[in-house]
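Engineer: Mind having a look at this structure? Questions to follow.
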Amino acid sequence: MLFMFIETEKTPNPATRKFSPGRAIMPNGTRDFATPEDAEASPLAEALFNLGDVTGVFFGSDFISVTAAPGVDWTFLQPDVLSVLLDHFSAEMPLFHGGSAAEIAVPAEDDAFPENPEDADIVAQIRELIDTRVRPAVASDGGDIVYRGFDKGIVFLSMQGACAGCPSSSATLKHGIESLLKHYVPEVSEVRAA
Numbered sequence: 024m025l026f027m028f029i030e031t032e033k034t035p036n037p038a039t040r041k042f043s044p045g046r047a048i049m050p051n052g053t054r055d056f057a058t059p060e061d062a063e064a065s066p067l068a069e070a071l072f073n074l075g076d077v078t079g080v081f082f083g084s085d086f087i088s089v090t091a092a093p094g095v096d097w098t099f100l101q102p103d104v105l106s107v108l109l110d111h112f113s114a115e116m117p118l119f120h121g122g123s124a125a126e127i128a129v130p131a132e133d134d135a136f137p138e139n140p141e142d143a144d145i146v147a148q149i150r151e152l153i154d155t156r157v158r159p160a161v162a163s164d165g166g167d168i169v170y171r172g173f174d175k176g177i178v179f180l181s182m183q184g185a186c187a188g189c190p191s192s193s194a195t196l197k198h199g200i201e202s203l204l205k206h207y208v209p210e211v212s213e214v215r216a217a
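Whatever position you read off the sequence shown (first residue = 1), add 23 for the numbering used here.
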């Protein structure tokens, strides 16, 4: 008999919970499912959306964040989410449905804003700081931040998982990430959500 423990944590976003099954989820990158249509690519995400009270699912390296619909009480939703996760992992089901590469769309990380080639060194510094300092901290809260571009001193970032829609996300961007980037990269004047 397989014994599995799934650690559950509250996140700064009261609508989102982080579930850590003690195993790798996404060995490379992350995946954000913002709609039931997005979730059709994954049996797990699809099963979570099928609970009816789920409005977002996010796969991190070793965790899954689930966002509940407004007004949903986690006291009642959490056992259902845990049941779906336990069933999925106990049955050793695949994270994604099989298919050809033609069926997969992966958005480019930096296609939102064309960058000036003269800013290549600045962009490299920004990306390094985001990857080494920001993303690990945000992942511990059940989310992710993705670099989207740099234009005339402004850094554009996209928030995912528990960070998307979090009441404290604007404070995180302005006071945390913006301060960090300005300190290490003087060319940065502002950070905005993309």
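Note that the Cβ used here is the ideal one computed from N, Cα and C, for glycine as well.
Would you call TYR207 buried or exposed, if buried means 16 or more other Cβ atoms sit within 10 Å of its Cβ?
Structural biologist: For the purposes of this step, residue 207 is taken as residue 184 along the sequence shown, with counting starting at 1. So TYR207 counts as exposed.
Engineer: Mapping DSSP to helix, strand and coil, what is PHE119?
Structural biologist: Taking the first residue of the sequence shown as 1, we reach residue 119 at position 96. Reduced to three states, the DSSP call for PHE119 is coil.
Engineer: Looking at C-beta atoms only, is the number of pairs between the stretch 178-189 and the stretch 79-86 that lie closer than 8 Å three or more?
Structural biologist: Yes, they touch.
Engineer: Take GLU210 as the anchor and find which of TYR170, ASP144, ASN36 and THR34 has the nearest alpha-carbon.
Structural biologist: For this step, residue 210 is matched to residue 187 along the sequence shown. Cα-wise, what sits closest to GLU210 is ASP144.
Engineer: LEU196 to ARG215, Cα distance in whole Å?
Structural biologist: Numbered from 1 along the sequence shown, position 173 holds the residue referred to as residue 196. Numbered from 1 along the sequence shown, position 192 holds the residue referred to as residue 215. When rounded, the distance between both Cα atoms is 7 Å.
Engineer: How big is the Cα-Cα spacing for PHE180 and ILE168?
Structural biologist: Here residue 180 is taken as the residue at index 157 of the sequence shown, counted from 1. Here residue 168 is taken as the residue at index 145 of the sequence shown, counted from 1. Note on residue identity: the sequence assigns Leu, not Phe, to residue 180. Each residue's alpha carbon lies about 6 Å from the other.
Engineer: Could you pull the start and end residues of the beta strand (DSSP E) that VAL77 belongs to?
Structural biologist: Counting from one through the sequence shown, the residue named residue 77 turns up at place 54. Where VAL77 is concerned, the enclosing beta strand (DSSP E) stretches over 77-82.
Engineer: In terms of residues, what are the limits of the alpha helix (DSSP H) holding LYS205?
Structural biologist: Position 182 of the sequence shown holds residue 205. Its alpha helix (DSSP H) spans residues 201-207.
Engineer: Report the rounded CA-to-CA distance for ALA62 versus ALA68, giving the unit in angstroms.
Structural biologist: Position 39 of the sequence shown, counting from 1, holds the residue named residue 62. Position 45 of the sequence shown, counting from 1, holds the residue named residue 68. Going from the Cα of ALA62 to the Cα of ALA68 covers about 5 Å.
Engineer: Less than 8 Å separating the beta-carbons of ARG171 and ALA217?
Structural biologist: As a first step, residue 171 must be located in the sequence shown, where it is residue number 148. As a first step, residue 217 must be located in the sequence shown, where it is residue number 194. Cβ atoms of ARG171 and ALA217: closer than 8 Å.
Engineer: Indicate the three-state DSSP secondary structure (helix, strand or coil) for ASP164 in the structure shown.
Structural biologist: Position 141 of the sequence shown, counting from 1, holds the residue named residue 164. Coil.
Engineer: Identify whether ILE87 lies in helix, strand or coil by the three-state DSSP scheme.
Structural biologist: Along the sequence shown, one-based indexing puts residue 87 at 64. Three-state result, ILE87: strand.
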